[in-house]
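S.K.: The structure under discussion is supplied below as structure tokens; questions concerning it will follow.
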Amino acid sequence: MPDAVEAIKFRMEQLNLNQQALVPFIGNKSKVSEILNKKRPISLSMMRALHKGLGIPAEILLQEQGQAFPEEIPEIDWHLFPIHEMVKEGWIQTKKEIIGNEEEIMREYIVDAGGMERFSQFLFRQSSNPWKSLRTNRYALMAWCLRVLELSIKYPLENKYKQGSIDLSEISKLSYFDQGPLLAKEYLEKHGIQFFVVPHLKKTFLDGAAMILEEDSPIVALTLRYDRIDNFWFCLLHELAHITKHLSINAINIIIDELEQQRVITGGEDEKEADKIAQNALIPAKFWEKVNLEKKDLSKEVIRLSEKLKIHPAIIAGRIRFELNNYRILSQFIGTDKVGNFFMNTSLN
808 MPDAVEAIKF
818 RMEQLNLNQQ
828 ALVPFIGNKS
838 KVSEILNKKR
848 PISLSMMRAL
858 HKGLGIPAEI
868 LLQEQGQAFP
878 EEIPEIDWHL
888 FPIHEMVKEG
898 WIQTKKEIIG
908 NEEEIMREYI
918 VDAGGMERFS
928 QFLFRQSSNP
938 WKSLRTNRYA
948 LMAWCLRVLE
958 LSIKYPLENK
968 YKQGSIDLSE
978 ISKLSYFDQG
988 PLLAKEYLEK
998 HGIQFFVVPH
1008 LKKTFLDGAA
1018 MILEEDSPIV
1028 ALTLRYDRID
1038 NFWFCLLHEL
1048 AHITKHLSIN
1058 AINIIIDELE
1068 QQRVITGGED
1078 EKEADKIAQN
1088 ALIPAKFWEK
1098 VNLEKKDLSK
1108 EVIRLSEKLK
1118 IHPAIIAGRI
1128 RFELNNYRIL
1138 SQFIGTDKVG
1148 NFFMNTSLN
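With the working numbering applied, the sequence shown closes on residue 1156, and no number is skipped along the way.
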């Protein structure tokens, strides 16, 4: 099989082309020179262009007998993925120059995340996407989902999930302990639910996601966009409500949550139900009904109910702040910047 660069030179000679004629296929004159002098690898996008423009067979450009180019995905513009940010976060390790190699880099990452079939569930096509955000960038969203999938493959569980096996009220009681978030992760994993903390990317406003991509293997992921104890427990139970009530391998199997925005635009019935389930699991209605929101000193109410229910006081304080739409009060209870530390620099995220 002839060398790819030699094949390009041969076609140039056949068609009487100079280096300038290759600029539309390769990008600029400097890159053309580097390619022809074998100082730069030929990217997949260049190969496609050279194949279409000069008729050089794919197997020669790829240097693999009988090989064809990967099937193109019309919905995807590869250069729109936030690859620089993904590299900075440590999600992607590559020695390739990013610009011009976006498709190769992302295709390699998709393989790490379980392959193209899995990825196809996250295309979030504008016409059919059941979850529509007014703010989140589609490509940053897909990148975040891929990271969750990659972690799910990297840290598989032996236990399988059985419908009805988890008790959300029981999970809420773990908040009472100093290591509550880690205990919750352990509880979920013992019941066959993978749990990850994956920071949100720029141009996203995600709080979390619930997924069932394979039978008996749910995934819950949180971003800790608001790193507060009250927010952690509410978001966790909200996603678990989706797992227990709304997701199915044969129907809706992915729900992405941007909770603040969903409340602004009045989310669907599933979101309202997940909110209600989470609220009642954290603070049963019969106890919440007795909370007097008109009291001057709500701190005592927070402490009283926290001790009675054996849950973290942040949960009580967070609910009061939400119901009163006043986020200036009770800030001493909510535990800002306390949860992320549990999941930093470990295999837990």
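Quick reminder that beta carbons are idealized off the backbone N, C-alpha and C, glycines included.
Quick caveat: nothing in here was measured; it's all calculated off a predicted structure.
Less than 6 angstroms between C-beta atoms, sequence neighbours within five positions excluded: which residues of the same chain meet that for L1112?
M.R.: Here the question's residue 1112 lines up with position 305 in the sequence shown. Here the set comprises I1123.
S.K.: Apart from the five residues just before and just after N825, which ones in its own chain have a Cβ nearer than 8 angstroms to its Cβ?
M.R.: Mapped onto the sequence shown, residue 825 falls at position 18. Excluding sequence neighbours, N825 sits near M819.
S.K.: Could you check how far apart the C-beta atoms of T943 and E1065 are, in whole angstroms? I think they sit under 8 angstroms.
M.R.: Position 136 of the sequence shown, counted from the start, is the residue given in the question as residue 943. Position 258 of the sequence shown, counted from the start, is the residue given in the question as residue 1065. That belief holds up - the Cβ atoms of T943 and E1065 are roughly 6 angstroms apart, short of 8 angstroms.
S.K.: Classify V839: buried if its beta carbon has 16 or more other beta carbons within 10 angstroms, exposed otherwise.
M.R.: In the sequence shown, the residue the question calls residue 839 occupies position 32. Label assigned to V839: buried.
S.K.: Sort E996, S982, S1055 and S850 by Cα distance to P963 and report the nearest one.
M.R.: Here residue 963 refers to the residue found at position 156 of the sequence shown. Of E996, S982, S1055 and S850, the residue nearest in Cα terms is E996.
S.K.: Which residues share a DSSP beta bridge with G1015?
M.R.: Here residue 1015 refers to the residue found at position 208 when the sequence shown is read from its first residue. The partner list for G1015 (beta bridge, DSSP) reads L1029 and D1064.
S.K.: Kindly list the residues whose CB is nearer than 7 angstroms to the CB of F1140, restricted to its own chain and excluding five residues on each side of it in sequence; keep chain order.
M.R.: Translated into positions along the sequence shown, residue 1140 becomes position 333. Within the same chain, F1140 has close Cβ partners V1109, P1120, A1121 and A1124.
S.K.: For T943, name the three-state secondary structure that DSSP assigns.
M.R.: Taking the sequence shown and counting its residues from 1, the one referred to as residue 943 is at position 136. DSSP places T943 in coil when its eight states are reduced to three.
S.K.: Could you check where the alpha helix (DSSP H) with Q1086 kicks off and where it finishes?
M.R.: Residue 1086 sits at position 279 when you count from the first residue of the sequence shown. Per DSSP, Q1086 belongs to the alpha helix (DSSP H) from E1076 to L1089.
S.K.: Taking the C-alpha atoms as reference points, what is the distance between E965 and E1021?
M.R.: Working through the sequence shown from its first residue, we reach residue 965 at position 158. Working through the sequence shown from its first residue, we reach residue 1021 at position 214. Rounded to the nearest angstrom, the two C-alpha atoms are 14 angstroms apart.
S.K.: Short check: CB of L956 to CB of R914, under 8 angstroms?
M.R.: By one-based count along the sequence shown, residue 956 stands at place 149. By one-based count along the sequence shown, residue 914 stands at place 107. No. Outside cutoff.
S.K.: On the premise that F888 lies in contact with A950, defined as a C-beta separation below 8 angstroms, what is that separation, rounded to the nearest angstrom?
M.R.: Along the sequence shown, read from residue 1 onward, the residue named residue 950 stands at position 143. Along the sequence shown, read from residue 1 onward, the residue named residue 888 stands at position 81. Yes, they are in contact, since the Cβ atoms of A950 and F888 sit about 6 angstroms apart, within 8 angstroms.
S.K.: Within 10 angstroms of the Cβ of F918, are there 16 or more other Cβ atoms? Answer buried if so, exposed if not.
M.R.: Position 111 of the sequence shown, counted from the start, is the residue given in the question as residue 918. First, the amino acid is wrong: residue 918 is Val here, not Phe. By the neighbour-count rule (16 or more Cβ atoms within 10 Å), V918 is not buried but exposed.
S.K.: Can you give me the Cβ contacts of D1037 inside the same chain, cut-off strictly under 6 angstroms, excluding the 5 residues immediately before and after it?
M.R.: Sequence index remark: in the sequence shown, residue 1037 carries index 230 (1-based). If we look at D1037 and ignore the five residues flanking it on each side, its Cβ neighbours are A1121, I1122, G1125 and I1141.
S.K.: Would you identify the three-state DSSP class for F1150, choosing helix, strand or coil?
M.R.: If you number the sequence shown from 1, residue 1150 lands on position 343. Three-state result, F1150: helix.
S.K.: Tell me whether V812 sits in a helix, a strand or coil according to DSSP, three-state version.
M.R.: On the sequence shown, position 5 is the one that residue 812 refers to. Correct three-state label for V812: helix.
S.K.: Report the rounded CA-to-CA distance for W898 versus F1002, giving the unit in angstroms.
M.R.: By 1-based counting over the sequence shown, the position of residue 898 is 91. By 1-based counting over the sequence shown, the position of residue 1002 is 195. Cα-Cα distance, rounded: 17 angstroms.
S.K.: Rounded to a whole number of angstroms, what is the C-alpha to C-alpha distance between S1138 and H1007?
M.R.: The residue given as residue 1138 occupies position 331 in the sequence shown. The residue given as residue 1007 occupies position 200 in the sequence shown. The straight-line gap from Cα to Cα measures roughly 24 angstroms.
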